[in-house]
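All remarks here apply to the structure that follows.
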Amino acid sequence: MSGYLRSVAAEFTKVTTTRVWWVIAIVLFGYVAVLAGGLSGLFGAVHSGAIGAGAAGGQAPPPAQLPGLIYSFASSVGYVFPVLLGALAVTGEFRHQTLTPTFLAVPRRGRVLVAKLVTLIAFGAVLGVVALIASMGIGAVVLGALGVDPLLGDSATWALAGRSVLAMALWAAVGVGLGVLVPNQVASIVIVLAFTQFIEPLLRLASTFTDATAGIGRYLPGAASDALVGASFFSIAAPGASILEWWQGGLVLLAYAAVLTVIGYVVTWRRDVT
Amino acid sequence: MPVGSVVEFANVTKRFGAVTAVDDLSFTVEPGRVTGFLGPNGAGKTTSLRILLGLVAATSGTATFGGVRYADLPHPLATVGSALEAASFHTGRTARNHLRVYAIGAGLPRDRADAVLHTVGLSDYADRRVGGYSLGMRQRLGLAFALLGDPGVLVLDEPINGLDPEGIKWIRGFLRELASEGRTVLVSSHLLSEVQQSVDDVVIIARGRLVHRGPLSSLETETAPQVVVDSPDRKALATALTDAGIRFTEGRTGLLAAEPDPGRVGHIAFVAGVELSVLHRQKSGLEDSFLALVGEGHAL
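So the protein lines, in turn, are chains G and A.
Using the numbering used here, read the first sequence as starting at 293 and increasing by one per residue.
Using the numbering used here, read the second sequence as starting at 1429 and increasing by one per residue.
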């Protein structure tokens, strides 16, 4: 087996031999399931006339858009979880001082970081599948029960699912990049939560106020991710926002991961391990 | 049986800002022997070992195994095994999985993790998370990691710290065994007394500089050794020593004679017709010369 494959296998084993990844998977599943189930129930009830349009869903999305919106919760609300997993995978090495045995077993540091990136991209995709099982599984059942077509036979639905998995995989890579740039675990987690839950949503909203900033706002990582997936709650809540092509969104997200990782490699990964 | 290579430090210097942690350090460590790497805390032992293992970059100089830097070794864990002082484990991982991760990365056979856990006596705790391990168990697990690739060179930083008396006895014998198999064994310690029963050679550093190197016995000859002697009739013994021109002081266990040869002291007593109850060379000579070399104020 080549050195890179061995390193990827070692990094894979690192992830599967601690509890973090499935704790994150369970919380992700629950979070997405509750939101997807709740909102498909709410909007579905509006469409079926069970509750009046004026009560809550005056602006309920049209039935043709509703399934895509609900299914995309997998990445549009779930993306913070692969970022956390990626960041924890790197910062844990610093926190537990396991960089020492890691670099003793594989003294090629660049190879270790590439292997980590590849591994976490795979686990990000796994989290994407978990999140889609929650959003599509629960969402389709609830929508179907309320008489809204869940569009499970529609190829566009499955293309959206595929792009969601890709987005979640790329988000895990962004997490690796952040972790290697900010090796302090607590600081890294605070940055992930503050940026994804607070700073970026505000920036995206603010950027829609003028045309000039809107052009910049679509390059924010969350906006790029929504562009990649192709439907999101945010784009409906702020309809003025301009959006990239889906493949452009994917490339922007990939660029974030690459730039963070390369800077982190230079700034922290190559440093003395004491 | 893996054969050890020569470990060589060649003019290794490491500066952290204005502080020089390691200062032009040069020495070699030979296979088939246990070498004690000694010095007080803060002398630069751990930094030197981390440079040797490629974890810390030297400011200048090289540290190599048979002429090859650690980072250039084709099979690092199968060439050099190391256990460093700051035992590094993910506390949520079991001991077996901890070892498996690095065995996979280094391309070692699958069964090595279980084999080395057995060697260090941790087989019964292989599936327990390392977070629940005692300090002594973590030391053993660190040693298991060092043995993972069945390497010809072992680099162990303070391996005796935290071990219980039984563990200390075990590791002393184990180090001897590894060296007798032809491996190179380098063991650091800040206490000579901790390793003097198991080392053949000593390398002593203080404030980042080499202050002494040679066989353990070279420490004895560099001090003024003394002989401890006692008799049921201590007064007669004192008279005999005075008559023979040997100076002495009275110690707790007998008279401390300023004479390196126990045979001569015994002969003097025999000629004077004084019965002896104690006659041996003063044992603390090694520690004394160690402390003299490193500067007593720095020995902690």
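Backbone N, C-alpha and C define an ideal beta-carbon position, used for all residues, glycine too.
Bridge partners - residue i, DSSP secondary structure assignment
i                : result
L1708 of chain A : The sequence given here has His at residue 1708 of chain A, not Leu. Paired residues: A:V1656.
L409 of chain G  : DSSP output for L409 of chain G lists no bridge partner at all.
E1678 of chain A : A:L1683
R1637 of chain A : A:A1634
D1592 of chain A : Beta-bridge pairing links D1592 of chain A to no other residue.
R563 of chain G  : According to DSSP, R563 of chain G bridges with nothing at all.
R1557 of chain A : A:T1522
G1642 of chain A : A:V1630
Run of the beta strand (DSSP E) containing residue i, from where it starts to where it stops
i                : result
A1438 of chain A : V1435 to F1444
L1453 of chain A : V1447 to V1457
D1585 of chain A : V1581 to D1585
T1463 of chain A : V1462 to L1466
A1511 of chain A : V1508 to A1511
S1616 of chain A : T1612 to S1617
Spatial neighbours of residue i in its chain, beta-carbon cut-off 7 Å, leaving aside the 5 residues before and after
i                : result
H1726 of chain A : In this predicted model, H1726 of chain A has a pLDDT of only 46, less than 50, meaning its place in the structure is not dependable; the value taken from the coordinates is given anyway. Excluding sequence neighbours, H1726 of chain A sits near P1468 and A1634.
F1455 of chain A : F1437, V1631, L1638 and R1641
I413 of chain G  : A461, A464 and A465
P1430 of chain A : D1578, P1579, G1580 and R1611
Q1710 of chain A : P1653, Q1654, V1655, V1656 and L1684
R1528 of chain A : A1541
T310 of chain G  : none
G556 of chain G  : G469, V472 and L473
L391 of chain G  : E385 and V565
6 Å Cβ shell around residue i - same chain, five flanking residues per side excluded
i                : result
S367 of chain G  : S456, A459, M460 and V521
T488 of chain G  : V372
V312 of chain G  : L380
T383 of chain G  : G471, P475, Q477 and S480
D1452 of chain A : N1439 and T1441
G514 of chain G  : E492
I1674 of chain A : A1685 and E1687
Sub-7 Å separation of residue i and residue j beta-carbons
i                : j                : result
G1682 of chain A : D1658 of chain A : yes
V1693 of chain A : V1656 of chain A : no
R1557 of chain A : G1520 of chain A : yes
S1617 of chain A : E1586 of chain A : yes
L1614 of chain A : T1441 of chain A : no
A549 of chain G  : G469 of chain G  : yes
A506 of chain G  : S427 of chain G  : no
L438 of chain G  : G330 of chain G  : no
F365 of chain G  : V324 of chain G  : yes
G1564 of chain A : L1591 of chain A : yes
D1552 of chain A : T1522 of chain A : no
L320 of chain G  : A423 of chain G  : yes
V1548 of chain A : R1566 of chain A : no
L1582 of chain A : A1574 of chain A : yes
L494 of chain G  : L512 of chain G  : no
Residue i, enclosing alpha helix (DSSP H) - first and last residue
i                : result
T1490 of chain A : It is not in any alpha helix (DSSP H) - T1490 of chain A instead sits in the beta strand (DSSP E) that spans S1488 to F1493.
V382 of chain G  : V372 to R387
R1566 of chain A : L1563 to L1575
V440 of chain G  : No alpha helix (DSSP H) holds V440 of chain G; DSSP gives it neither H nor E.
S1516 of chain A : Unbroken run through S1516 of chain A: none, as it is neither H nor E.
S1496 of chain A : Checking the sequence, you will find Val at residue 1496 of chain A rather than Ser. It is not in any alpha helix (DSSP H) - V1496 of chain A carries neither H nor E in the DSSP assignment.
V484 of chain G  : Q477 to A486
D503 of chain G  : D503 to G509
Q489 of chain G  : First-last for Q489 of chain G: undefined, no H or E at that position.
P354 of chain G  : It is not in any alpha helix (DSSP H) - P354 of chain G carries neither H nor E in the DSSP assignment.
Q540 of chain G  : W538 to G556
S367 of chain G  : F365 to S368
A328 of chain G  : V312 to S340
L512 of chain G  : First-last for L512 of chain G: undefined, no H or E at that position.
R1538 of chain A : Looking at the DSSP string, R1538 of chain A is not in any alpha helix (DSSP H), and its letter there is neither H nor E.
D1733 of chain A : Because chain A here runs from 1429 to 1728, residue 1733 of chain A falls outside it and cannot be looked at.
E1622 of chain A : L1620 to V1623
R1692 of chain A : P1690 to A1700
Neighbourhood of residue i by C-beta, 8 Å cutoff - its chain only, sequence neighbours within 5 removed
i                : result
G295 of chain G  : V398, R400 and R403
R563 of chain G  : none
V406 of chain G  : Y296 and S299
A1449 of chain A : K1442, R1443, G1472, T1475 and G1636
P1643 of chain A : D1628, D1629 and V1630
Handout entry: Short-range partners of chain A found in the segment 297 to 321 of chain G, where Cβ spacing is below 7 Å
Key = If the cut-off is 7 Å between Cβ atoms, the segment 297 to 321 of chain G has R298, S299, A301, A302, T305, K306, T309, T310 and R311 near chain A.
Practice task
Report the residues of the segment 369 to 385 of chain G with a CB closer than 7 Å to any CB of chain A, ordered along the chain.
Solution key: Flagged, chain order: G384.
Handout entry: the segment 388 to 403 of chain G: positions lying closer than 8 Å to chain A by Cβ
Key = Answer set for the segment 388 to 403 of chain G: H388, Q389, T390, L391, T392, P393, T394, F395, L396, A397, V398, P399 and R400.
Problem - Interface positions of the segment 555 to 566 of chain G facing chain A (Cβ-Cβ less than 7 Å), listed along the chain - result: Residues of the segment 555 to 566 of chain G that bring their beta carbon within less than 7 Å of a beta carbon in chain A comprise D564, V565 and T566, in sequence order.
Handout entry: Residues, ordered as in the chain, of the segment 1469 to 1486 of chain A that lie near chain G by beta-carbon distance below 7 Å
Key = When CB distances to chain G are screened at a threshold of 7 Å, the residues of the segment 1469 to 1486 of chain A falling below it are R1478, L1481, G1482, L1483, V1484 and A1485, in chain order.
Practice task
Would you list, in chain order, the members of the segment 1580 to 1606 of chain A that have their beta-carbon closer than 9 Å to a beta-carbon of chain G?
Solution key: So nothing in the stretch comes that close.
Handout entry: Chain-ordered residues of the segment 1565 to 1576 of chain A with a beta carbon less than 7 Å from chain G
Key = Result list: F1573.
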